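So the sequences go chain by chain: A and V.
Read in order, the letters of the first sequence correspond to residues 5 to 278 in my numbering.
Read in order, the letters of the second sequence correspond to residues 5 to 278 in my numbering.
Using N, Cα and C, we set each Cβ at its ideal position, and we do this for glycine too.
It should be emphasised that the depicted structure is a prediction, and the values quoted were computed from it without experimental measurement.
Protein chains: 2
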Amino acid sequence: MSGTTQPGAEPFTQRTPRVVAARRLTRRVERDRTGRFLAEGVNAVAAALERQLVRELFVTASAQQAHPELVAAAHERGVRVSPVTDRAAAALSETVTPQGIVAVCDLLDRSLDGLLPPGARLVAVLVDVADPGNAGTVIRVADAAGADAVILAGDSVDPHNGKCVRASAGSLFHLPIARVRDTAAALSACRDAGLRLLAAHGYAEAALDSLDLAEPVAWVFGNEAHGLPADVLREVDTPVRIPLYGGAESLNLATAAAVCLYAAAMAQRRSSGG
Amino acid sequence: MSGTTQPGAEPFTQRTPRVVAARRLTRRVERDRTGRFLAEGVNAVAAALERQLVRELFVTASAQQAHPELVAAAHERGVRVSPVTDRAAAALSETVTPQGIVAVCDLLDRSLDGLLPPGARLVAVLVDVADPGNAGTVIRVADAAGADAVILAGDSVDPHNGKCVRASAGSLFHLPIARVRDTAAALSACRDAGLRLLAAHGYAEAALDSLDLAEPVAWVFGNEAHGLPADVLREVDTPVRIPLYGGAESLNLATAAAVCLYAAAMAQRRSSGG
């Protein structure tokens with residue numbers, strides 16, 4: 005039975021072939037080749053189990069003791085649970101303080117087809133976002149704001165990158181995610197779904213506090229250093245700047261996304277009376 | 005003349021006593037002892053010069069070439085400009101990619117007395133915030149939202165920490181900052197200034213989208229892992245939760261602060277018709 009842990013079986017070390025193979029999933033090329041990625045930590049593993057995406061769960065003795073409910077949930081779903089040494093867990097981890105629980109999961113991203121459900125009201129589009137921590141934080145904010153989907157467009161980072169998974173704190177598993185090289189196609193899909201396209205842009209004429217945000221919108225965010233390309237700014241309905249009431253010249257990507265996404269989410273709910 | 009650079013003078017190395025002394029300012033104990041700290045990078049140095057807080061400017065040959073206006077501004081203000089080698093600049097830097105321009109500045113923080121100007125409408129209070137990057141990002145957001153002051157209360161990190169200075173992107177110099185061990189005194193000062201005390205708290209009954217935020221407020225934010233202590237939650241007027249419309253269990257500190265501070269800043273301006 006693949007779903008049970010052999011009591012007394014020797015834990016896998018960092019040299020056990022299945023651990024070695026899993027470790028390779030920290031590299032994007034290997035994730036793309038195998039269709040798998042690693043999700044580390046309690047939040048992420050719980051959310052991945054919920055979504056039935058886990059293929060194997062590596063767990064240290066102490067993590068097994070600390071989170072029996074996760075190990076039980078894995079067993080229940082017929083997921084192979086593999087005890088590992090602390091050093092093996094550290095080898096699978098990209099953090100300074102490994103949590104001792106790492107899942108091999110199926111990739112999450114899907115195509116644009118059917119990504120946006122009928123009645124979608126809030127979508128986040130990340131264009132050429134380079135930093136995985138930023139991408140993960142924006143995915144977490146989008147999830148919190150009740151977004152219907154997140155699209156990573158153009159040259160954006162792989163959302164299955166370990167730093168992105170970690171920064172998303174489980175949210176990567178909570179809402180549909182698509183990766184699309186063709187940014188124009190991503191924008192078209194949003195427009196076809198009836199969404200108004202707003203782009204966060206520091207030099208825009210329209211200010212966030214002057215807009216009616218109650219209608220369904222897709223918020224488009226650009227690269228941390230370079231912002232949005234000119235052709236994307238031409239393509240959207242309205243470039244929007246966050247008003248800077250004090251001396252700051254800008255906000256960073258994650259806090260800007262938080263302000264924009266929540267401004268829309270709260271305005272939509274105010275206007276619908278709930 | 006201390007305000008001029010000797011053309012052709014040998015640049016300081018990482019072993020030059022003034023560089024060695026400046027380098028010690030990366031440690032809190034040394035900052036507290038000397039009343040000085042280091043501000044690195046173009047934004048921070050420009051803002052520090054503006055505020056007349058710079059005592060000495062260390063600059064590499066290439067940074068001097070890239071930013072002649074900063075060096076000129078330093079000369080104009082009679083600030084000692086000291087050419088340094090790339091290695092000396094790296095020794096003074098806490099980043100992976102040093103910018104080659106570092107200022108020794110007077111500490112910024114002031115006491116609570118007179119911190120809050122008459123008519124203050126928006127203040128951020130950080131209680132026991134541990135991560136300097138988070139503190140700096142919240143200071144940047146508070147500045148962007150037009151806050152009148154930021155108070156670092158309780159066990160919060162030193163805002164002059166290099167990571168905090170960097171994350172604030174110059175904002176540390178834009179608005180009054182106080183450090184106060186006694187959190188209750190910080191809250192009293194806000195209340196005495198006529199501010200309503202709101203605390204960001206995940207388990208609060210009142211939701212952000214149900215509140216009238218147009219009146220003058222102090223937003224109180226807690227530690228990244230533990231949130232706000234019970235006595236602080238009892239002391240404030242209203243604990244407030246950010247509504248989580250999707251599957252996320254929480255937001256991180258910086259994005260939560262962005263949502264709260266901007267919700268108040270925009271509501272205040274809407275209600276005043278500007």
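Whether residue i touches residue j by CB criterion (9 angstroms)
{"i": "LEU126 (chain V)", "j": "VAL142 (chain V)", "result": "no"}
{"i": "VAL145 (chain A)", "j": "LEU265 (chain A)", "result": "yes"}
{"i": "GLU60 (chain V)", "j": "ALA92 (chain V)", "result": "no"}
{"i": "GLU80 (chain A)", "j": "GLU44 (chain A)", "result": "no"}
{"i": "PHE16 (chain V)", "j": "VAL108 (chain V)", "result": "no"}
{"i": "VAL184 (chain A)", "j": "LEU116 (chain A)", "result": "yes"}
{"i": "ALA173 (chain A)", "j": "ASN256 (chain V)", "result": "yes"}
{"i": "ARG114 (chain A)", "j": "ALA182 (chain A)", "result": "yes"}
{"i": "GLY198 (chain A)", "j": "SER254 (chain A)", "result": "no"}
{"i": "VAL24 (chain A)", "j": "PHE62 (chain A)", "result": "no"}
Residues of its chain near residue i, where Cβ-Cβ distance is below 6 angstroms and the 5 sequence neighbours each way are ignored
{"i": "THR259 (chain V)", "result": "none"}
{"i": "GLU54 (chain V)", "result": "none"}
{"i": "GLY226 (chain A)", "result": "VAL131, LEU232"}
{"i": "ALA171 (chain A)", "result": "GLY137, GLY140, THR141"}
{"i": "ASN165 (chain A)", "result": "PRO136"}
{"i": "GLY313 (chain V)", "result": "The question about residue 313 (chain V) has no answer, for chain V in this structure spans 5 to 278."}
{"i": "LEU57 (chain V)", "result": "CYS109, ASP110"}
{"i": "ALA262 (chain V)", "result": "VAL145"}
{"i": "ALA271 (chain A)", "result": "LEU217, ALA218"}
{"i": "ASP90 (chain A)", "result": "THR64"}
{"i": "ASP159 (chain V)", "result": "ASP132"}
For residue j and residue i, the rounded distance between their alpha carbons
{"i": "ALA13 (chain A)", "j": "THR64 (chain A)", "result": "13 angstroms"}
{"i": "PRO96 (chain A)", "j": "PHE177 (chain A)", "result": "Reading the sequence as shown, one finds Leu at residue 96 (chain A) and not Pro. C-alpha separation (whole angstroms): 20 angstroms."}
{"i": "VAL85 (chain V)", "j": "GLN68 (chain V)", "result": "10 angstroms"}
{"i": "GLU209 (chain V)", "j": "GLU239 (chain V)", "result": "16 angstroms"}
{"i": "VAL133 (chain V)", "j": "ARG22 (chain A)", "result": "41 angstroms"}
{"i": "GLY250 (chain A)", "j": "VAL46 (chain V)", "result": "19 angstroms"}
{"i": "ALA50 (chain V)", "j": "HIS71 (chain A)", "result": "50 angstroms"}
{"i": "GLN103 (chain V)", "j": "VAL244 (chain V)", "result": "40 angstroms"}
{"i": "ASP36 (chain A)", "j": "ILE155 (chain A)", "result": "18 angstroms"}
{"i": "VAL4 (chain V)", "j": "THR101 (chain V)", "result": "With chain V covering only 5 through 278, there is no way to say anything about residue 4 (chain V)."}
{"i": "TRP223 (chain V)", "j": "ARG19 (chain A)", "result": "51 angstroms"}
{"i": "ASP196 (chain A)", "j": "VAL221 (chain A)", "result": "12 angstroms"}
{"i": "LEU112 (chain V)", "j": "SER275 (chain A)", "result": "44 angstroms"}
{"i": "ALA267 (chain V)", "j": "PRO247 (chain A)", "result": "12 angstroms"}
{"i": "THR28 (chain A)", "j": "THR38 (chain A)", "result": "First, the residue type needs correcting, since residue 28 (chain A) is Arg and not Thr in the sequence shown. Roughly 10 angstroms between the two C-alpha positions."}
{"i": "CYS194 (chain V)", "j": "GLU228 (chain V)", "result": "22 angstroms"}
{"i": "ARG273 (chain V)", "j": "ALA76 (chain A)", "result": "52 angstroms"}
{"i": "LEU74 (chain V)", "j": "PRO163 (chain A)", "result": "39 angstroms"}
{"i": "ALA48 (chain A)", "j": "ALA157 (chain V)", "result": "33 angstroms"}
{"i": "CYS168 (chain A)", "j": "ALA78 (chain A)", "result": "23 angstroms"}
{"i": "SER192 (chain V)", "j": "GLY118 (chain V)", "result": "13 angstroms"}
{"i": "ASP186 (chain V)", "j": "ALA252 (chain V)", "result": "33 angstroms"}
For residue i, the first and last residue of its enclosing beta strand (DSSP E)
{"i": "ILE181 (chain V)", "result": "181-184"}
{"i": "ASP110 (chain V)", "result": "105-110"}
{"i": "GLU209 (chain A)", "result": "Counting along the chain, GLU209 (chain A) falls outside any beta strand (DSSP E), and DSSP gives it neither H nor E."}
{"i": "ALA153 (chain A)", "result": "153-157"}
{"i": "LEU57 (chain V)", "result": "Counting along the chain, LEU57 (chain V) falls outside any beta strand (DSSP E), and DSSP gives it neither H nor E."}
{"i": "THR242 (chain A)", "result": "242-245"}
{"i": "PRO121 (chain A)", "result": "Unbroken run through PRO121 (chain A): none, as it is neither H nor E."}
{"i": "ARG81 (chain A)", "result": "Note, ARG81 (chain A): premise wrong, no beta strand (DSSP E); not H, not E."}
{"i": "ARG200 (chain A)", "result": "200-204"}
Opening and closing residue of the alpha helix (DSSP H) in which residue i lies
{"i": "THR141 (chain A)", "result": "136-148"}
{"i": "ARG195 (chain A)", "result": "187-196"}
{"i": "ARG37 (chain V)", "result": "32-38"}
Close-in-space but distant-in-sequence residues of the same chain around residue i (CB under 7 angstroms, 5 per side omitted)
{"i": "THR30 (chain V)", "result": "LEU42, GLU98, GLY166"}
{"i": "ASP147 (chain A)", "result": "SER175, HIS178, LEU179"}
{"i": "MET5 (chain V)", "result": "The pLDDT assigned to MET5 (chain V) is 42, lower than 50, so where the model puts this residue is not dependable, and the model offers no usable value."}
{"i": "ALA94 (chain A)", "result": "PRO102"}
{"i": "ALA190 (chain V)", "result": "LEU116, VAL129, ILE155, ALA157, VAL184"}
{"i": "SER66 (chain V)", "result": "GLY104"}
Cβ neighbours of residue i in the same chain (closer than 8 angstroms, five flanking residues each side left out)
{"i": "ALA152 (chain A)", "result": "For the record, residue 152 (chain A) in the displayed sequence is Asp; it is not Ala. Closer than 8 angstroms at the Cβ level, and outside the excluded window around ASP152 (chain A), lie LEU120, PRO121, ALA124, ARG125, LEU126, VAL127, LEU179, PRO180."}
{"i": "ALA242 (chain V)", "result": "Going by the sequence as given, residue 242 (chain V) is Thr instead of Ala. ARG200, LEU201, LEU202, ALA203, ALA208, ALA210, LEU215, listed in sequence order."}
{"i": "HIS230 (chain A)", "result": "ASP132"}
{"i": "ALA52 (chain A)", "result": "ALA43, VAL58, ALA107, CYS109, PHE177"}
Should the stretch 165-182 of chain V be regarded as contacting the stretch 215-227 of chain V, the criterion being three or more beta carbon pairs within less than 8 angstroms?
Too few Cβ pairs lie closer than 8 angstroms, so no.
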